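Enquirer: One structure coming up, written as structure tokens, with questions to follow.
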Amino acid sequence: MFSARARASRPLADSFADWFTEGSELFAGRRVRAPGSCTVHAPGHSALSSAPTMHTHHAIDYIELHVTDLAEAKRFYTAAFGWAFNDYGPAYAGIQGPERELGGLALADEVTPGGPLVVLYSDALDASVTAVERAGGSIVEPPFDFPGGRRFHFSDPSGNVLAVWSPRAS
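Counting from 1, position 132 in the sequence shown corresponds to residue 132 in the working numbering; the numbering is continuous, with no gaps.
Quick look at the structure:
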């Protein structure tokens, strides 16, 4: 997101909470700058420009996963799914999408199981199972059929449970 020179000249926020200061413009849909932090993009803004990207009313717009080890979570999701991240300091990393951030990894003391189920799409379900296992994830429910196709559930190294689905082979 930032050049090496720009990163070196801007101190990073101590934590994601630093961005939520009184008077923050985060919810006004603009770029955010907290005192003593780098300029960051609010969800829905391209990391490449400050122009807003398209959103759909009442659609899921940003997913945030709590993780107990940010470096390990980034390594896992990069190895398993090829994800890339925008680093915002030691406690938060944004998940890069094709045009904007889709979510983030937030450092937490613990992960509480049983939250909403995030479901990823795969063109090759069996290859995704293998990638999750090789990256250090645990398969919670092996691939099974459901009315829309097939899917499996896995646990990441922090204990988050996600699912991956694929349409049935024709």
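Using N, Cα and C, we set each Cβ at its ideal position, and we do this for glycine too. Here the structure is a predicted model, which is why all the values come from computation and not from measurement.
Of all the options ALA93, ASP109, ALA108 and GLU110, which has the alpha carbon lying nearest to the alpha carbon of LEU102?
Expert: The count along the sequence shown starts at 1 and reaches residue 102 at position 102. Answer by Cα proximity: ALA93.
Enquirer: Give the DSSP-derived three-state secondary structure of GLU101 in the structure shown.
Expert: On the sequence shown, residue 101 is found 101 positions in, with the first residue counted as 1. DSSP places GLU101 in strand when its eight states are reduced to three.
Enquirer: Given a cut-off of 8 Å on the beta-carbon distance, is the pair PRO157 and PHE76 in contact?
Expert: Stepping through the sequence shown from its first residue, residue 157 is reached at position 157. Stepping through the sequence shown from its first residue, residue 76 is reached at position 76. Yes, these two residues count as a Cβ contact at 8 Å.
Enquirer: Using 10 angstroms around the beta-carbon of TYR88, count the other beta-carbons present and answer buried if the total reaches 16, otherwise exposed.
Expert: Position 88 of the sequence shown holds residue 88. Buried, by the Cβ-count rule.
Enquirer: How is ASP145 classed by DSSP in three states: helix, strand or coil?
Expert: Translated into positions along the sequence shown, residue 145 becomes position 145. In the structure shown, ASP145 sits in a strand (DSSP, three-state: E or B).
Enquirer: Would VAL67 be called buried (16 or more neighbouring beta carbons within 10 Å of its own) or exposed?
Expert: In the sequence shown, the residue the question calls residue 67 occupies position 67. It counts as buried.
Enquirer: In this structure, how does DSSP classify GLU72 when only helix, strand and coil are distinguished?
Expert: Here residue 72 refers to the residue found at position 72 of the sequence shown. Residue state, collapsed to three classes: helix.
Enquirer: Measure the alpha-carbon distance for SER128 versus SER138 and round it to whole angstroms.
Expert: Indexing the sequence shown from 1 puts residue 128 at position 128. Indexing the sequence shown from 1 puts residue 138 at position 138. Near 12 Å, if we compare the C-alpha coordinates of SER138 and SER128.
Enquirer: Could you tell me whether the Cβ atoms of SER122 and VAL161 are closer together than 8 Å?
Expert: Walking along the sequence shown from the start, residue 122 turns up at place 122. Walking along the sequence shown from the start, residue 161 turns up at place 161. No, they are not a contact pair.
Enquirer: How far does the alpha helix (DSSP H) with ALA131 in it reach, from first residue to last?
Expert: Here residue 131 is taken as the residue at index 131 of the sequence shown, counted from 1. Unbroken alpha helix (DSSP H) run through ALA131: 125-135.
Enquirer: Give me the Cβ distance between GLY82 and PRO113, rounded to the nearest whole Å; I'm assuming they're in contact under 8 Å.
Expert: Taking the first residue of the sequence shown as position 1, residue 82 is located at position 82. Taking the first residue of the sequence shown as position 1, residue 113 is located at position 113. Their Cβ separation, rounded to whole angstroms, is 26 Å, which puts GLY82 and PRO113 out of contact at 8 Å.
Enquirer: If I measure Cβ to Cβ from ASP126 and keep anything under 8 Å in the same chain, skipping five residues before and after, which residues do I get?
Expert: By 1-based counting over the sequence shown, the position of residue 126 is 126. If we look at ASP126 and ignore the five residues flanking it on each side, its Cβ neighbours are PRO143.
Enquirer: Less than 8 Å between the CB atoms is what I'm expecting for LEU70 and ALA84, so what's the real figure, rounded?
Expert: Here the question's residue 70 lines up with position 70 in the sequence shown. Here the question's residue 84 lines up with position 84 in the sequence shown. At roughly 15 Å, the Cβ-Cβ gap does not stay under 8 Å, so LEU70 and ALA84 are not in contact.
Enquirer: Can you give me the start and stop residues for the beta strand (DSSP E) that VAL161 sits inside?
Expert: Taking the sequence shown and counting its residues from 1, the one referred to as residue 161 is at position 161. Counting along the chain, the beta strand (DSSP E) containing VAL161 begins and ends at 161-166.
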